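Okay, structure first, notes after.
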Amino acid sequence: ADAWEKRKQSNRESARRSRLRKQAEWEEVANRADLLKQENSSLKEELKQLQEKCNSLTSENTTLHEKLKELEGEKSNGNWYKE
(Lines of atoms letter the chains of each structure in order from A and count residues from 1; the text may use other names and numbers.)
(Lines give C-alpha, C1' and ligand atoms only; values in the text may rest on other atoms or scores of the structure.)
Protein backbone atom coordinates (compact mmCIF):
# COMPACT_ATOMS: atom_id res chain seq x y z
CA ALA A 1 0.00 0.00 0.00
CA ASP A 2 2.90 2.33 0.78
CA ALA A 3 4.36 1.88 -2.71
CA TRP A 4 0.91 2.51 -4.16
CA GLU A 5 0.60 5.80 -2.24
CA LYS A 6 4.05 6.88 -3.40
CA ARG A 7 3.08 6.06 -6.96
CA LYS A 8 -0.16 8.07 -6.67
CA GLN A 9 1.72 11.00 -5.17
CA SER A 10 4.36 10.81 -7.91
CA ASN A 11 1.63 10.79 -10.56
CA ARG A 12 -0.06 13.82 -8.93
CA GLU A 13 3.23 15.73 -8.92
CA SER A 14 3.89 14.78 -12.53
CA ALA A 15 0.40 15.93 -13.52
CA ARG A 16 0.87 19.19 -11.58
CA ARG A 17 4.19 19.87 -13.33
CA SER A 18 2.58 19.09 -16.66
CA ARG A 19 -0.26 21.55 -15.96
CA LEU A 20 2.22 24.24 -14.93
CA ARG A 21 4.28 23.63 -18.06
CA LYS A 22 1.18 23.82 -20.27
CA GLN A 23 0.12 27.04 -18.53
CA ALA A 24 3.57 28.57 -19.07
CA GLU A 25 3.49 27.53 -22.73
CA TRP A 26 0.03 29.03 -23.14
CA GLU A 27 1.15 32.31 -21.54
CA GLU A 28 4.15 32.42 -23.86
CA VAL A 29 1.90 31.87 -26.89
CA ALA A 30 -0.51 34.57 -25.67
CA ASN A 31 2.36 37.02 -25.15
CA ARG A 32 3.73 36.24 -28.60
CA ALA A 33 0.28 36.79 -30.11
CA ASP A 34 0.05 40.20 -28.39
CA LEU A 35 3.46 41.19 -29.73
CA LEU A 36 2.52 40.09 -33.23
CA LYS A 37 -0.73 42.07 -33.05
CA GLN A 38 1.21 45.18 -32.06
CA GLU A 39 3.73 44.61 -34.84
CA ASN A 40 0.91 44.06 -37.35
CA SER A 41 -0.77 47.29 -36.27
CA SER A 42 2.50 49.17 -36.59
CA LEU A 43 3.17 47.72 -40.04
CA LYS A 44 -0.35 48.61 -41.20
CA GLU A 45 0.21 52.21 -40.11
CA GLU A 46 3.58 52.30 -41.87
CA LEU A 47 1.99 50.86 -45.03
CA LYS A 48 -0.75 53.51 -44.90
CA GLN A 49 1.83 56.29 -44.64
CA LEU A 50 3.89 54.84 -47.47
CA GLN A 51 0.81 54.52 -49.68
CA GLU A 52 -0.05 58.16 -49.01
CA LYS A 53 3.52 59.19 -49.85
CA CYS A 54 3.40 57.10 -53.03
CA ASN A 55 0.11 58.72 -54.06
CA SER A 56 1.55 62.17 -53.38
CA LEU A 57 4.69 61.46 -55.39
CA THR A 58 2.66 59.96 -58.24
CA SER A 59 0.53 63.10 -58.36
CA GLU A 60 3.61 65.32 -58.27
CA ASN A 61 5.21 63.25 -61.03
CA THR A 62 2.10 63.60 -63.20
CA THR A 63 2.09 67.37 -62.68
CA LEU A 64 5.77 67.64 -63.57
CA HIS A 65 5.29 65.55 -66.71
CA GLU A 66 2.44 67.84 -67.78
CA LYS A 67 4.59 70.93 -67.20
CA LEU A 68 7.44 69.36 -69.14
CA LYS A 69 5.16 68.58 -72.10
CA GLU A 70 3.86 72.14 -71.97
CA LEU A 71 7.38 73.56 -71.99
CA GLU A 72 8.46 71.24 -74.79
CA GLY A 73 5.41 72.37 -76.77
CA GLU A 74 6.30 76.02 -76.26
CA LYS A 75 9.86 75.33 -77.36
CA SER A 76 8.75 73.60 -80.56
CA ASN A 77 6.32 76.47 -81.30
CA GLY A 78 9.09 79.04 -81.01
CA ASN A 79 7.66 80.47 -77.81
CA TRP A 80 10.72 79.40 -75.90
CA TYR A 81 13.11 82.18 -75.03
CA LYS A 82 16.06 82.62 -72.73
CA GLU A 83 15.90 85.10 -69.92
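Residue 68 in full-length UniProt numbering is what sits at position 68 of the sequence shown, and the numbering runs on without skipping anything.
Where a beta carbon is used, it is the ideal one built from N, C-alpha and C, also for glycine.
Since the model is a prediction, treat every value here as computed from it, not as a measurement.
Below 7 Å, is the gap between the Cβ of K69 and the nearest heavy atom of the ligand HEM? Inclusion of the ligand HEM in the displayed structure is not the case, the ligand content being empty and no account of it being possible.
Give the straight-line distance between the Cα atoms of T58 and L50, rounded to the nearest whole angstrom. The residue labelled residue 58 in the question sits at position 58 within the sequence shown. The residue labelled residue 50 in the question sits at position 50 within the sequence shown. T58 and L50: Cα-Cα distance of roughly 12 Å.
Mind checking which residues open and close the alpha helix (DSSP H) that includes N55? Here residue 55 refers to the residue found at position 55 of the sequence shown. Looking at the DSSP string, the run of the alpha helix (DSSP H) that includes N55 is 2–76.
Tell me the rounded alpha-carbon separation between R16 and K48. Here the question's residue 16 lines up with position 16 in the sequence shown. Here the question's residue 48 lines up with position 48 in the sequence shown. Approximately 48 Å between the Cα atoms of the pair.
Spatial distance of Q23 from A33 (CA atoms): The count along the sequence shown starts at 1 and reaches residue 23 at position 23. The count along the sequence shown starts at 1 and reaches residue 33 at position 33. The alpha-carbon atoms of Q23 and A33 are separated by roughly 15 Å.
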